[in-house]
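**Student:** Questions regarding the structure given below will be posed in turn.
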Amino acid sequence: MSEKVKVTNLVKTFGTNEVLKGINLTVQDNEVVVIIGPSGSGKSTLLRTLNKLEEPTSGSIVIDNTDIANKNVNMNTIRENIGMVFQHFNLFNNLTVGENIMLAPVELKKETKAEASKQAKQLLDTVGLKEKFSARVQSLSGGQQQRVAIARALAMNPDIMLFDEPTSALDPEMVGDVLEVMKDLAKKGMTMIVVTHEMGFAKEVADRVVFVDDGQILEQGTPDQIFGHPKNERLRDFLNKILNV
Amino acid sequence: MKHRLSKPLRWVIFGVAFLMCLIFSNTAQAKTYQIGTDVTYPPFEFANKHNQYVGIDIDIMNAIAKEEGFKVHIKPVGFNAAVQAVQSGQEDGVIAGMTITPDRQAKFDFGTPYYKTGVVMAVAKNSRISSFKQLKGKRVALKTGTAAADYANSIKKKYSFKTVTFDDSDNMYQDVTTGNSVACFEDQPVMQYGIKQGLKLKIVSKPANTGWYGFAVKKGTNRALISKFNAGLKKIKANGTYDRIVGKYLGSKTNQAVKGKTFTIGTDVTFPPFEFANKHNKYVGIDMDLIRSIANEQGFKVKIKPLGFNAAVQAVESGQIDGVIAGMSITNARKKQFDFSDPYYTSGVVMAVANNGKVKSLSQLRGKKVAVKTGTAGADYANSLKKKYGFTVTTFDDSNNMYQDVVTGNSAACFEDQPVMQYAIKQGTKLKIATKPAESAPYGFAVKRGQNQALLSAFNNGLKDLKASGTYDDIKAKYLGTGGSQASVKSTGSSTEDRSFIGLIKQNKGALLSGLQETMWLTVVSIFFATIFGVIVGLLGVVPGKAFNWLSSILIYIFRGMPLLVLALFIYTGIPSLTGEKIPAFVAGVITLTFNEGAYIAAFVKGGIEAVDPGQMEAARSLGLPFGKSMRKVILPQGIRIMIPSFINQFIITLKDTSILSIIGLLELTQTGKIIIARNLEGFKVWTIVALMYLIIITLLTWLSNWVQRRTNV
Chain Y
2 MSEKVKVTNL VKTFGTNEVL KGINLTVQDN EVVVIIGPSG SGKSTLLRTL NKLEEPTSGS
62 IVIDNTDIAN KNVNMNTIRE NIGMVFQHFN LFNNLTVGEN IMLAPVELKK ETKAEASKQA
122 KQLLDTVGLK EKFSARVQSL SGGQQQRVAI ARALAMNPDI MLFDEPTSAL DPEMVGDVLE
182 VMKDLAKKGM TMIVVTHEMG FAKEVADRVV FVDDGQILEQ GTPDQIFGHP KNERLRDFLN
242 KILNV
Chain U
7 MKHRLSKPLR WVIFGVAFLM CLIFSNTAQA KTYQIGTDVT YPPFEFANKH NQYVGIDIDI
67 MNAIAKEEGF KVHIKPVGFN AAVQAVQSGQ EDGVIAGMTI TPDRQAKFDF GTPYYKTGVV
127 MAVAKNSRIS SFKQLKGKRV ALKTGTAAAD YANSIKKKYS FKTVTFDDSD NMYQDVTTGN
187 SVACFEDQPV MQYGIKQGLK LKIVSKPANT GWYGFAVKKG TNRALISKFN AGLKKIKANG
247 TYDRIVGKYL GSKTNQAVKG KTFTIGTDVT FPPFEFANKH NKYVGIDMDL IRSIANEQGF
307 KVKIKPLGFN AAVQAVESGQ IDGVIAGMSI TNARKKQFDF SDPYYTSGVV MAVANNGKVK
367 SLSQLRGKKV AVKTGTAGAD YANSLKKKYG FTVTTFDDSN NMYQDVVTGN SAACFEDQPV
427 MQYAIKQGTK LKIATKPAES APYGFAVKRG QNQALLSAFN NGLKDLKASG TYDDIKAKYL
487 GTGGSQASVK STGSSTEDRS FIGLIKQNKG ALLSGLQETM WLTVVSIFFA TIFGVIVGLL
547 GVVPGKAFNW LSSILIYIFR GMPLLVLALF IYTGIPSLTG EKIPAFVAGV ITLTFNEGAY
607 IAAFVKGGIE AVDPGQMEAA RSLGLPFGKS MRKVILPQGI RIMIPSFINQ FIITLKDTSI
667 LSIIGLLELT QTGKIIIARN LEGFKVWTIV ALMYLIIITL LTWLSNWVQR RTNV
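Here the protein sequences line up with chains Y and U, keeping their order.
Mapping the first sequence onto our numbering, position 178 (from 1) lands on 179, and the numbers just tick up by one.
Mapping the second sequence onto our numbering, position 137 (from 1) lands on 143, and the numbers just tick up by one.
Next comes the structure, spelled out in structure tokens:
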């Protein structure tokens, strides 16, 4: 296993509000890391700085030996290798399901429409939505939309996937399908960084669980260590609240 | 006067003059005046081949004497001798191309200046030199002791040319025609005369160091002779003799200056009987007939632009057009901005009231409202009286609205130029004139001060000729009737027009449709450029980069914040004043709408893009799509859908806003309506037709917009 992502002393401020207060985090190739923590703790911001949807204030973010905190780095090529799935799916409303998936491969990899559509159909098959290729985005349920979003992110063949609370906006009965897709992905060896409140998913799939609170990593370890033997006071509080509802 | 005769010769001439004075003084009592002149100063005085003394001075003096019934004896004694003889009282006066200077005025009484002169530069006919700057390093020919030589020497350093001096004019001219020198300097009339006599030279500069020639008598003596001279000069100028004399020696220079040229002349939309469109939509009226006849007579062409009085005046000021003839009173205030022609009509301001109105005098106006038209002598007159008589003034942009305000009783009275009022009443306006003409004011044709002098003098010459030939009286009679106000106005067609809606539409179909076409054309061209401008400015507002965003906001702020009317006037009259370049009204209109409507488009383009969920952009960027591609493929297609209703709306607004451009004289639908009403005074019916035309077009556009929206929402 080699280092895929190495975050060092990452600080992010919005105005005077310091959201990330010096994060150090390493993610190995093929590793599944789940980030948990209370709302407003900075976990989404952390995820979004990893593909520079948020500009880091200071510190370094090395991905595949490139420090993307450096302003001269061409983020567009880096992003091609980092798929991202959003809480609110963010499917392109002006395009059909198939076009959503094909857009980036056609525009960036210069694939022909035929190649791209063949690949799109395969991806839709893996997320269980083969028949939705020509559907309009608005006609899909939330769970279906999120699975299309995952397929879209995978279309560029990324080697890292970022998930930003992918199930938080879904009706409960939809959550399972999305998690299934994510589990399959993990089994295939994808490097994944997942921000989620799905503790079951964390226990089952995560190689490592990271607890973030108030812009800092307070504790990290295997699911067993974090959920079975939490050391940090605030982690224990957090787990109590969330598991004993 | 610049001849310097050698001393002995001067004395000889003086002596001869002296003797002649002695000889003739007995016989030439009160009736025969002794006038001294120069020996040879063509074209003012010189001996012709029959050895008779002729020239402008000689002919003018003789013509005046004839006109005023006195006799003159003109003696070519030489300039200095003549001047001295007058000083010593041996001669009564001197006419010898004598420039009026303060020094001379201390010793002489001058008559009315009779000729304007100045120093000009002349070059060989085929020369390319046209300005002083091109003289650098070249040789210039001069004649000793002349005012022209003094002038050339004074600018010699500045333009770094060399000079060579000759003792007489011919040698100087030859030096230029042979190419030894590139130019020479000479008095304008002398040069003109030389050229008329066949010199292969041409004048390339405007007269500099200009001065006036005057007829002079010894100070404090011979007042009677001066007043006879002045009276006679006025007469020969009025009857054309003066021009014939000058033309005989110098050629008809004004004609040459304007011949074949086309001048754009602004006029009012609504000022019958001076200007109005007849039922064939051709502009007629006293002003129109006059300017066309003069143009015809003087050999130039005119392009008439019915811009409206204020717009026409401003367009002349800004140099957009060459002159204005619009029943424009000659006032001292206006003389600061304009050069006026000789008055061509004398008018006066009258007060008019409704037919059943009880107001008979100014004093009955206390506490009442009075209607006037912007910028007219009537308005000035009313404003000067409003304090004294305690009335308030309401201002209108055209005569018809002003009349209607009085007819409906909103205002108690209006002030208008007498002939205009008479004409309107004869055309059926339900008003009556209540006062005698006041503030009698001469109307003049105007050009921008200091500009288009050739046009102005051509107008004056033409006017004189029209008066002499009787054409002027014919034109006046055509519109005002002959011999006084009771005479009936010759038909201008309006009384025989069918005044029903259908009739009005039939008669004005062509005019209305071409107005509509102009409106549509303006709208389409403007919306095209406004869309380009608006999309660019709108996108500048959303691209990364603070400077772009600021620029976008500032442009939107300025052009959305400025009233369209002000922007139109600024672009049409302001830009030419700043740059000196004329802008055609259509272009000015398109620019105005491009900026104004473009700013609104920019605002909703920006808003439309900002209304697209920011998550769309994040998702696109997270896939590795660059900003521009994300914009084109994802954001704009969604933003445009949001913008379409606003865009269609803006299209309709633009169509309506073109009506405001009637202020700069564009012949679009609204202006067309104004012009038709100016002729037939059927305000209500014509505005109804115009309003319906706008509504029909806008309804069609609304259907189109709904159709487009349905299609994009599928």
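Note that CB positions come from ideal geometry on N, CA and C, so glycine has one too.
Could you spell out the range, first to last residue, of the beta strand (DSSP E) harbouring Y/Lys5?
**Tutor:** Looking up residue 5 of chain Y in the first sequence gives position 4. That run of the beta strand (DSSP E) goes Glu4 to Phe15.
**Student:** Of all the CB atoms in chain U, is at least one closer than 8 angstroms to the CB of Y/Met85?
**Tutor:** Translated into the one-based positions of the first sequence, residue 85 of chain Y becomes position 84. Cβ-Cβ to chain U under 8 angstroms: yes for Y/Met85.
**Student:** Please list, in chain order, all residues of the same chain as U/Arg372 whose beta carbon is under 8 angstroms from its beta carbon, the five residues on each side excluded.
**Tutor:** Position 366 of the second sequence, counted from the start, is the residue given in the question as residue 372 of chain U. Hits under 8 angstroms: Tyr395, Gly396 and Phe397.
**Student:** In angstroms, rounded to a whole number, what distance separates the CA positions of U/Ser500 and U/Lys612?
**Tutor:** Here the question's residue 500 of chain U lines up with position 494 in the second sequence. Here the question's residue 612 of chain U lines up with position 606 in the second sequence. Its pLDDT being 40, under 50, U/Ser500 is placed unreliably by the model, and nothing is read from it.
**Student:** Taking the straight line between their C-alpha atoms, what separation do you get for U/Lys341 and U/Asp348?
**Tutor:** Mapped onto the second sequence, residue 341 of chain U falls at position 335. Mapped onto the second sequence, residue 348 of chain U falls at position 342. So the two alpha carbons sit approximately 13 angstroms from each other.
**Student:** Taking any Cβ of chain Y, which residues in the stretch 614-630 of chain U have a Cβ under 8 angstroms from it, in chain order?
**Tutor:** So the close ones are Asp619, Gly621, Gln622, Glu624, Ala625, Ala626, Arg627, Ser628, Leu629 and Gly630.
**Student:** By a C-beta neighbour count over all protein chains shown, 10 Å radius and 16 as the cutoff for buried, is U/Tyr563 buried or exposed?
**Tutor:** What you label residue 563 of chain U is simply residue 557 of the second sequence in a count that begins at 1. Exposed.
**Student:** Closer than 9 angstroms between beta carbons: that is the criterion. Which residues of the stretch 210-243 of chain Y meet it against chain U?
**Tutor:** Residues passing the 9 angstroms Cβ filter: none.
**Student:** Out of curiosity, what's the CA-to-CA distance linking U/Tyr700 and U/Lys662?
**Tutor:** The residue labelled residue 700 of chain U in the question sits at position 694 within the second sequence. The residue labelled residue 662 of chain U in the question sits at position 656 within the second sequence. Each residue's alpha carbon lies about 8 angstroms from the other.
**Student:** Should Y/Phe93 be flagged as near chain U, meaning a C-beta pair shorter than 8 angstroms?
**Tutor:** Taking the first residue of the first sequence as position 1, residue 93 of chain Y is located at position 92. So yes, Y/Phe93 belongs to the interface.
**Student:** Tell me which residues of the stretch 632-655 of chain U have at least one Cβ-Cβ distance to chain Y shorter than 8 angstroms, keeping chain order.
**Tutor:** If the cut-off is 8 angstroms between Cβ atoms, the stretch 632-655 of chain U has Pro632, Lys635, Lys639, Val640, Pro643, Gln644 and Arg647 near chain Y.
**Student:** Specify the secondary structure class of U/Ala36 as computed by DSSP and reduced to three states.
**Tutor:** In the second sequence, the residue the question calls residue 36 of chain U occupies position 30. Below a pLDDT of 50, predicted positions are generally treated as unreliable, and U/Ala36, at 49, falls in that range; the measurement from the model is reported next regardless. In this structure, U/Ala36 counts as coil in the three-state DSSP scheme.
**Student:** Which runs of the beta strand (DSSP E) spanning at least 3 residues fall entirely within the stretch 439-491 of chain U, listed in chain order?
**Tutor:** Counting only runs of 3 or more, we get 444-449 and 452-454.
**Student:** So what's U/Phe167 in DSSP terms, helix, strand or just coil?
**Tutor:** The residue labelled residue 167 of chain U in the question sits at position 161 within the second sequence. Coil, per DSSP.
**Student:** Please specify which runs of the beta strand (DSSP E), each continuous and at least 3 residues long, are wholly inside the stretch 145-183 of chain Y, giving them in chain order.
**Tutor:** With a minimum length of 3 residues, the continuous beta strand (DSSP E) runs that stay inside the stretch 145-183 of chain Y are 161-165.
**Student:** Kindly identify the DSSP beta-bridge partner or partners of Y/Glu220.
**Tutor:** Residue numbering aside, residue 220 of chain Y sits at position 219 when the first sequence is read from its first letter. Bridge partners of Y/Glu220: Y/Phe212.
**Student:** Taking 8 angstroms as the CB-CB cut-off, is Y/Asn10 touching chain U?
**Tutor:** As a position in the first sequence, residue 10 of chain Y is number 9, starting the count at 1. No, because no Cβ of chain U sits closer than 8 angstroms to the Cβ of Y/Asn10.
**Student:** Listing by chain order, which chain U residues have their CB less than 9 angstroms from the CB of Y/Ala105?
**Tutor:** Here the question's residue 105 of chain Y lines up with position 104 in the first sequence. Residues of chain U passing the Cβ test: Ala626, Leu629, Gly630 and Leu631.
**Student:** With a threshold of 8 angstroms between beta-carbons, can Y/Met157 be considered close to chain U, or not?
**Tutor:** Counted from its first residue, the first sequence places residue 157 of chain Y at position 156. Yes, because at least one Cβ of chain U sits closer than 8 angstroms to the Cβ of Y/Met157.
**Student:** Helix, strand or coil: how does DSSP classify U/Val541 here?
**Tutor:** In the second sequence, residue 541 of chain U corresponds to position 535, counting from 1. Three-state DSSP puts U/Val541 in a helix.
**Student:** Looking only at its chain, what residues have a beta carbon closer than 7 angstroms to the beta carbon of U/Pro425, apart from the 5 residues adjacent to it on each side?
**Tutor:** Position 419 of the second sequence, counted from the first residue, corresponds to residue 425 of chain U. Closer than 7 angstroms at Cβ, skipping near neighbours: Pro279, Ser353 and Leu486.
**Student:** Mind checking the stretch 65-83 of chain Y against chain U and listing, in chain order, the residues whose C-beta falls within less than 9 angstroms of any C-beta there?
**Tutor:** Listed in sequence order: Met76, Asn77, Thr78, Ile79, Arg80, Glu81, Asn82 and Ile83.
**Student:** DSSP three-state call for U/Leu313: helix, strand or coil?
**Tutor:** Residue mapping note: residue 313 of chain U aligns to position 307 of the second sequence, counting from 1. Reduced to three states, the DSSP call for U/Leu313 is coil.
**Student:** Can you say whether Y/Asn241 is buried or exposed, counting buried as having 16 or more other CB atoms within 10 angstroms of its CB?
**Tutor:** One-based indexing of the first sequence puts residue 241 of chain Y at position 240. Answer is exposed; the Cβ neighbour count stays below 16.
**Student:** Output yes if chain U places a C-beta closer than 8 angstroms to the C-beta of Y/Leu54; else output no.
**Tutor:** Here residue 54 of chain Y is taken as the residue at index 53 of the first sequence, counted from 1. Answer yes: the Cβ-Cβ gap between Y/Leu54 and chain U drops below 8 angstroms somewhere.
**Student:** Run through chain U and tell me which residues come within less than 8 angstroms of Y/Leu109, C-beta to C-beta.
**Tutor:** As a first step, residue 109 of chain Y is located in the first sequence; it is residue number 108 there, counting from the start. Within chain U, the residues near Y/Leu109 are Leu629, Gly630 and Leu631.
**Student:** U/Lys265 to U/Gly305, Cα distance in whole Å?
**Tutor:** Within the second sequence, the letter at position 259 stands for residue 265 of chain U. Within the second sequence, the letter at position 299 stands for residue 305 of chain U. Approximately 5 angstroms, taken between the alpha carbons.
**Student:** Going by DSSP in three states, U/Ser500 sits in which element: helix, strand or coil?
**Tutor:** Working through the second sequence from its first residue, we reach residue 500 of chain U at position 494. In this predicted model, U/Ser500 has a pLDDT of only 40, less than 50, meaning its place in the structure is not dependable; the value taken from the coordinates is given anyway. Correct three-state label for U/Ser500: helix.
**Student:** Whose C-alpha, out of U/Gly75, U/Phe167, U/Ala69 and U/Ala91, is nearest the C-alpha of U/Ile41?
**Tutor:** The residue you call residue 41 of chain U lines up with position 35 of the second sequence. Taking only the C-alpha atoms, the option nearest U/Ile41 is U/Ala91.
**Student:** I need the DSSP call for U/Glu422, collapsed to helix, strand or coil.
**Tutor:** Your numbering for residue 422 of chain U matches position 416 in the second sequence. U/Glu422 falls in the strand class under three-state DSSP.
**Student:** Comparing alpha-carbon positions, which option in U/Ala69, U/Tyr199 and U/Lys72 lies nearest U/Val126?
**Tutor:** To locate residue 126 of chain U, count along the second sequence from 1; it is residue 120. Checking every option, the nearest Cα to that of U/Val126 belongs to U/Tyr199.
**Student:** Checking 8 angstroms against the spacing of the C-beta atoms, do Y/Ala152 and Y/Leu180 come in under that value?
**Tutor:** Here residue 152 of chain Y corresponds to residue number 151 of the first sequence, with the count starting at 1. Here residue 180 of chain Y corresponds to residue number 179 of the first sequence, with the count starting at 1. No. Outside cutoff.
**Student:** If you draw a straight line from the C-alpha of U/Thr227 to the C-alpha of U/Gly75, how long is it?
**Tutor:** Looking up residue 227 of chain U in the second sequence gives position 221. Looking up residue 75 of chain U in the second sequence gives position 69. One C-alpha to the other measures close to 20 angstroms.
**Student:** Going along the chain, which residues of its own chain have a beta-carbon closer than 6 angstroms to the beta-carbon of U/Lys470, five neighbours each way excluded?
**Tutor:** Within the second sequence, residue 470 of chain U is the residue found at index 464, counting from 1. Excluding sequence neighbours, U/Lys470 sits near Gly246.
**Student:** Quick one: give me the first and last residue of the alpha helix (DSSP H) that U/Lys142 is part of.
**Tutor:** Against the second sequence, residue 142 of chain U aligns to sequence position 136. Looking at the DSSP string, U/Lys142 is not in any alpha helix (DSSP H), and its letter there is neither H nor E.
**Student:** Any idea if U/Arg627 is buried or exposed, counting beta-carbon neighbours within 10 angstroms, 16 or more meaning buried?
**Tutor:** The residue you call residue 627 of chain U lines up with position 621 of the second sequence. Answer is buried; the Cβ neighbour count reaches 16.
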